Amino acid sequence: MFHKFFQLFFAIVIISGTVVLVNAQSDATTRGGTAEKEDFPKGIKESLAKQRIEREKKDFAELIQRSEEAVKIINELDKSFTVNNQFSSEDQKKLDRLEKVVKKIRNEISSDDDDSEAEDKPLSILNALKALKTNTLTLVDELKKTSRYSISVIAVESSNALLKAVRFLRFNKN
Numbered sequence: 010m011f012h013k014f015f016q017l018f019f020a021i022v023i024i025s026g027t028v029v030l031v032n033a034q035s036d037a038t039t040r041g042g043t044a045e046k047e048d049f050p051k052g053i054k055e056s057l058a059k060q061r062i063e064r065e066k067k068d069f070a071e072l073i074q075r076s077e078e079a080v081k082i083i084n085e086l087d088k089s090f091t092v093n094n095q096f097s098s099e100d101q102k103k104l105d106r107l108e109k110v111v112k113k114i115r116n117e118i119s120s121d122d123d124d125s126e127a128e129d130k131p132l133s134i135l136n137a138l139k140a141l142k143t144n145t146l147t148l149v150d151e152l153k154k155t156s157r158y159s160i161s162v163i164a165v166e167s168s169n170a171l172l173k174a175v176r177f178l179r180f181n182k183n
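Residue numbers (this note's numbering): 10 to 183.
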């Protein structure tokens with residue numbers, strides 16, 4: 010009997026000791042399990058806000074720069090296709106680069122991949138090039154109209170259509 014009582018008492022002491030140790034280790038967090046938000050001095054808060062604003066301005070400028078790069082690549086592809094009536098290996102590299110640029114733009118404007126089928130899928134390379142030009146110009150115009158705080162639905166749709174046209178050109182064997 011004494012032996013059973015001692016085992017029960019020892020188990021209770023071990024469990025309560027474990028609970029105390031766990032609670033002592035959670036001083037860095039609140040009861041909800043999240044860390045307490047540090048209260049920074051006013052100067053540091055202002056500095057962090059300025060850095061965030063500068064970073065957002067830089068990101069938006071890079072977004073505009075990427076869209077202008079896409080226009081440049083498309084103009085080069087159009088010139089090459091009108092001269093040769095086909096895409097060279099250099100043009101395929103440009104298409105790869107264009108796809109990467111468009112994906113970066115689409116990610117920056119917080120757009121997801123649009124898996125829906127396009128109603129007016131290009132039937133030829135010439136139609137796909139025309140779609141590339143119009144969608145890219147629409148995308149650039151919309152990005153320049155918007156601010157870094159807003160997202161344009163037209164820009165999202167243009168980026169998705171642009172990506173579909175690029176993929177059509179990359180994988181088309183005509």
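Every residue, glycine too, gets a C-beta built ideally from N, C-alpha and C. Because the structure is a prediction, the values reported are computed rather than measured.
Do residue i and residue j have their C-beta atoms within less than 8 Å of each other?
i    : j    : result
L138 : F90  : yes
S163 : T147 : Note that residue 163 is Ile in the sequence shown here, rather than Ser. Yes, the pair counts as a contact, with Cβ atoms nearer than the cut-off.
V175 : L104 : yes
E65  : R157 : yes
S119 : I160 : yes
Am I right that residue i and residue j are in contact with their C-beta atoms under 8 Å? What's the rounded C-beta distance?
i    : j    : result
A140 : V110 : The Cβ separation is near 16 Å, so there is no contact.
L107 : I83  : 7 Å
D87  : K142 : 7 Å
Need the endpoints of the alpha helix (DSSP H) that residue i sits in, please.
i    : result
S56  : K51 to N93
I160 : Segment: none, I160 is in no alpha helix (DSSP H) and carries neither H nor E.
N136 : I134 to K154
I114 : S98 to E117
- Would the segment 136 to 153 and the segment 69 to 77 be scored as touching if the rule is three or more Cβ pairs under 8 Å? Between the segment 136 to 153 and the segment 69 to 77, the count of C-beta pairs closer than 8 Å reaches three or more; the two stretches touch.
- Query: Does the pairing of the segment 107 to 118 with the segment 159 to 172 give three or more beta-carbon distances under 8 Å?
  - Reply: Counting Cβ pairs under 8 Å, three or more are found: they touch.
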